[in-house]
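Printed below as a string of structure tokens:
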């Protein structure tokens, strides 16, 4: 089955796509179709779509907790939020490891049943450096805002700003050499 789309839409699709796993033109079209059609029997979402759905659920849960009146937020709720934040960070680490290992969005990949979902050493992998588009998504800002903050804030202020925006409280530092944003330990 093939489809014709307007030239301007095809050009926008080419610009939005990249060789990174989960961001090819085909992946973008599939995500759009899944968004429009909902769940389709026999179609398992790729890892990138699964991560996006998890992030949306987590953000909605976090928003619901923050909207609660101050009297109803007790230490138990805060502990639950911390546990959820930790889980999201672990998921991000696993997905980064999968993508950097060339496994990308393959639905056929099955981890050996070692009982350890992270790695053989028992520690979640470190968060990988991100390009500006990915970091902007992670910080829930647009690319011009990210660039503006990088240019107007000093290094320490930018790191603090990024930490306040990051859902896992990571600070990010721009590296001129590789043009990527690195998590600060």
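Residue numbers (my numbering): 3 to 187.
Yeah, the Cβ is synthetic: ideal placement off N, Cα and C, and Gly gets one too.
As the structure is a prediction and not an experimental result, all values here were calculated from the model.
Rounded separation between residue i and residue j - CA only
{"i": "residue 81", "j": "residue 6", "result": "51 angstroms"}
{"i": "residue 29", "j": "residue 13", "result": "15 angstroms"}
{"i": "residue 36", "j": "residue 17", "result": "21 angstroms"}
{"i": "residue 146", "j": "residue 137", "result": "12 angstroms"}
{"i": "residue 4", "j": "residue 44", "result": "20 angstroms"}
{"i": "residue 89", "j": "residue 15", "result": "32 angstroms"}
{"i": "residue 165", "j": "residue 65", "result": "18 angstroms"}
{"i": "residue 91", "j": "residue 78", "result": "20 angstroms"}
{"i": "residue 174", "j": "residue 8", "result": "39 angstroms"}
Proximity of residue i and residue j at Cβ, strictly below 7 angstroms
{"i": "residue 186", "j": "residue 161", "result": "yes"}
{"i": "residue 155", "j": "residue 176", "result": "no"}
{"i": "residue 26", "j": "residue 19", "result": "yes"}
{"i": "residue 133", "j": "residue 182", "result": "yes"}
{"i": "residue 190", "j": "residue 167", "result": "For residue 190 there is no data in the structure shown, the boundaries of the chain being 3 and 187."}
Best match in the options for proximity to residue i [C-alpha to C-alpha]
{"i": "residue 97", "options": "169, 130 and 27", "result": "130"}
{"i": "residue 84", "options": "69, 171 and 156", "result": "171"}
{"i": "residue 60", "options": "163, 94, 148 and 38", "result": "94"}
Simplified DSSP assignment, three categories, for residue i
{"i": "residue 173", "result": "strand"}
{"i": "residue 143", "result": "coil"}
{"i": "residue 186", "result": "strand"}
{"i": "residue 155", "result": "coil"}
{"i": "residue 167", "result": "helix"}
For residue i, the first and last residue of its enclosing alpha helix (DSSP H)
{"i": "residue 33", "result": "27-39"}
{"i": "residue 9", "result": "9-18"}
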